[in-house]
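Under numbering that gives the first Met the number 0, the sequence shown has 387 at position 388, and the numbering climbs by one with no breaks. To keep things clear, I will list the structure first and then write my remarks on it.
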Amino acid sequence: MYEGTGRPVYSGIAIGRAYLYRRNSGQLPAAGGDAAAEQLAFDQARETARLQLTELCEKTRRELGEEQAMILDVQILMLDDLDYLDGVRGRIAAGASAAQAARDTGEEFSALFAALEDPYMQARAVDIRDMAERLVTILCGGDSGFSMPEPGILVAEDLTPSETVQLPRDKILAFITRQGSANSHIAILARIMNIPSLVQADIALDPALEGRTLIVDGFAGRYYLDPDEATLAALTAKRDEELARRRQLEAYRGVPTVSRGGRRIQLMANIGRPEDVQAALDGDAEGVGLLRSEFMYLGRDNFPTEEELFDGYRQVVEQLAGRPLVIRTLDIGADKQVDYFGLEKEENPALGYRGIRICLTREDIFRPQMRAIYRASAFGPVSVMFPMIISVEEVRRIKAFCETIRAELTAEGVPFGPVELGVMIETPAAALISADLAKEVQFFSVGTNDLTQYTLAIDRQNAKLDEFYDPHHPAVLALLKMVVENAHAQGIWAGICGELGADLTLTETFLRMGYDELSVSPGRVLEIRKTVCESEV
Ligand code: PEP
Ligand code: MG
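Written as structure tokens, this is what we have:
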């Protein structure tokens with residue numbers, strides 16, 4: 000057994016097989032050119048793979064011992080397996096590219112092994128696939144595709160937001176990344192998915208990890224590789240306890256979120272993609288308080304069309320069946336980079352061309368999104384809020400723009416509903432002028448992740464600064480108090496949609512401050528409701 004640590008970003012226990020994340024290089028060349036040239040390329044790739052595996056095997060033997068090294072020895076032997084080589088040769092002769100032939104033959108053999116009775120032979124299916132994918136990677140001169148045939152624990156160096164949107168979410172039991180911070184988007188995704196996860200983990204990304212048993216303890220910030228029986232039993236018991244605790248929280252499903260002192264607060268969910276709405280409903284959220292709409296722009300090669308955006312929003316509205324939805328307009332830039340936006344590299348992206356700054360200068364991007372949002376509002380309650388606001392002037396420009404969208408749709412005879420407009424308070428400037436902003440809109444939603452970053456001058460993405468990133472800082476709490484007071488003075492509502500909203504140690508403080516809404520990860524709704532219901536405030 001090997002035991003390591005990481006920074007927990009979501010609690011819980013997961014037990015499963017390890018999957019190493021490999022970057023997807025896109026489409027493989029399906030058809031080969033000259034069969035002789037493809038065969039030569041394959042033979043050369045085989046020699047490169049042999050060298051790589053031999054080196055890895057020696058390293059593994061030194062660092063992890065004989066048993067782990069043997070897994071790689073098996074893969075080296077497989078490189079010479081005559082049946083595999085015949086399969087590849089046949090496919091190349093039939094016109095396939097070397098990469099496609101290596102992958103397809105690998106899949107064929109892997110399926111054969113997986114179907115065998117003997118558990119040892121079954122386990123070799125993973126090795127064959129791993130060996131074949133190594134060949135594909137070499138042949139494509141880059142990284143290989145990523146797939147998870149079975150549920151398991153994803154181990155990665157780090158994941159960009161565009162990579163996270165392409166993951167097979169239904170298969171992931173937990174994340175372990177070597178990099179990442181408590182506020183990065185992989186952490187946000189783990190919270191949406193309600194799965195234990197560790198960032199900044201001291202785990203080696205060795206191919207020998209693939210398929211081995213891992214336990215992630217998101218409470219203690221530990222993981223166990225090849226757990227011994229006692230550890231497996233203890234952690235299984237801990238997992239069952241946690242499941243029992245979650246079952247007890249079920250008593251709060253469908254219950255109004257009202258404190259003993261009679262304060263009512265609306266508990267909403269944060270989601271990324273339209274398909275996450277099911278997680279919000281499963282979590283018993285009263286609606287969606289933050290749809291991070293930029294996720295619909297990530298992981299693709301071109302701008303989503305108005306129609307695609309409209310379909311996505313309408314799907315959420317319809318599934319929410321009358322519950323409110325707050326869409327945040329796209330917040331691209333900073334950590335969420337998308338190639339087709341053609342944004343220049345910046346020295347200080349968090350202080351750069353991002354969020355509303357892009358929308359206000361790129362009408363070609365803003366218009367389809369706003370039209371799609373208005374059109375979706377014909378199907379149920381929709382509000383829209385704008386990220387990274389720093390001035391009243393910006394809000395007035397946005398309102399004028401919304402007016403033109405409404406006029407356009409009216410002229411076209413396209414129906415839309417009464418869309419409330421809101422400002423995300425996530426810059427100190429917005430908090431400090433919130434008395435004036437409150438005169439312009441119908442609600443505020445405080446983005447405490449960025450508000451903390453900008454108030455404390457601490458890059459939320461920089462893992463080295465996590466110990467200094469303190470959302471409980473009195474300056475942040477003072478701004479939070481000021482914002483809700485200014486909102487109420489103008490008769491508008493205020494909520495919190497940053498991660499701090501789910502901090503149970505502050506739930507009573509938020510009630511006292513008078514917050515009307517908290518929008519949190521779907522899996523946190525019931526425990527916050529319990530805390531509110533038990534509060535005397
Ligand atoms: C925030 O900044 O708190 C927020 C909710 O937005 P994001 O985390 O997407 O920047
Ligand atoms: Mg933000």
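Note that the Cβ used here is the ideal one computed from N, Cα and C, for glycine as well. Remember, it's a predicted structure, so these values are computed and weren't measured experimentally.
Every unbroken stretch of the alpha helix (DSSP H) spanning 4 or more residues and falling wholly within the stretch 303-354 is given here in chain order: 305-319. Taking each of Pro323, Gln336, Leu115, Ala40 in turn and checking the Cα distance to Val418, the smallest one comes out for Pro323.
Counting the other CB atoms within 10 Å of its CB gives Gln74 a total of 16 or more, which places it among the buried residues. Annotation for Arg238: Ile12 place their beta carbon closer than 6 Å to its own, counting only its chain and skipping 5 residues before and after.
The three-state reading of DSSP puts Gln38 in helix, counting H, G and I together.
Positions of the beta strand (DSSP E) runs, each at least 3 residues long and wholly inside the stretch 411-469, are given as 419-424, 442-445 in order along the chain. With a cut-off of 8 Å on Cβ pairs, the stretch 507-526 is not in contact with the stretch 461-474, counting fewer than three such pairs. Its chain contains Ser258, Gly260, Arg262, Glu507, Leu510, Arg511 as the residues whose beta carbon lies nearer than 7 Å to that of Val536, once the 5 sequence neighbours on both sides are disregarded; these appear in chain order. Taking C-beta separations shorter than 7 Å and ignoring five residues to either side along the sequence, the partners of Pro414 in its chain run Ala377, following chain order. In the three-state DSSP reduction, Val536 falls in the coil class, being neither helix nor strand.
Glu306 counts as exposed, since fewer than 16 other C-beta atoms from the protein chains shown sit within 10 angstroms of its C-beta. DSSP places Pro118 in the helix class (H, G or I) of the three-state scheme. Residue Ser292 holds the alpha-carbon nearest to the alpha-carbon of Ile364 among Leu431, Gln318, Ser292. In terms of side-chain proximity, the C-beta atom of Glu425 is found nearer than 7 Å to a non-hydrogen atom of the ligand MG. Looking at the DSSP output, Met267 shares a beta bridge with Ser518. By the beta-carbon neighbour count (other beta carbons within 10 angstroms, threshold 16), Phe467 is exposed. With respect to Gly217, Val198 sits apart: the two C-beta atoms are not nearer than 8 Å. When DSSP states are grouped into helix, strand and coil, Arg356 belongs to the helix group. Fewer than three beta-carbon pairs drawn from the stretch 35-55 and the stretch 107-127 are found closer than 8 Å, and the two stretches are therefore not classed as touching. At least one heavy atom of the ligand MG lies less than 7 Å from the C-beta of Pro386. Not one heavy atom of the ligand PEP lies closer than 7 Å to the C-beta of Arg190. Sequence-distant partners of Ala173 (beyond 5 residues in either direction) whose C-beta falls short of 6 Å from its own C-beta, in its chain, are Ala13, Ile152, Ile194, Pro195, Ser196, Val215. Distance check between Tyr312 and each of Ala320, Ile326, Asn301, Gly321 places Ile326 closest, using alpha-carbon atoms only. One thing to note: Gly5 has its Cβ within 8 Å of the Cβ of Tyr222.
The beta carbon of Gly31 sits closer than 7 Å to the beta carbons of Glu37, Ile91, Gly94, Ala95, Ser96, Ala97 from its chain, once the five residues preceding and following it are set aside; these are given in chain order. Rounded to the nearest angstrom, the Cβ distance from Arg211 to Ala34 is 38 Å, too far for a contact under 8 Å.
Note on the stretch 187-269: whole beta strand (DSSP E) runs with a minimum of 3 residues are 196-198, 212-216, 221-224, in chain order. Per the DSSP secondary-structure output, Phe385 pairs in a beta bridge with Val422.
Contact check for Glu156 against Arg177 passes: the beta carbons are separated by less than 8 Å. Distance between Gln336 and Ala229, taken at the CA atoms: about 45 Å. The count of Cβ pairs closer than 8 Å, one atom from the stretch 331-345 and one from the stretch 370-385, stays below three, leaving the stretches out of contact. By the Cβ criterion, the stretch 482-493 is not in contact with the stretch 239-246, since fewer than three pairs of Cβ atoms, one from each stretch, lie closer than 8 Å. Taking the Cα of Leu450 as reference, the smallest distance to any Cα among Gly105, Leu289, Ile389 is reached at Ile389. In the assembly as shown, Thr53 is an exposed residue. Its beta-carbon has fewer than 16 other beta-carbons within 10 Å. Within a 10 Å sphere around the beta-carbon of Tyr339 sit fewer than 16 other beta-carbons, which makes this residue exposed.
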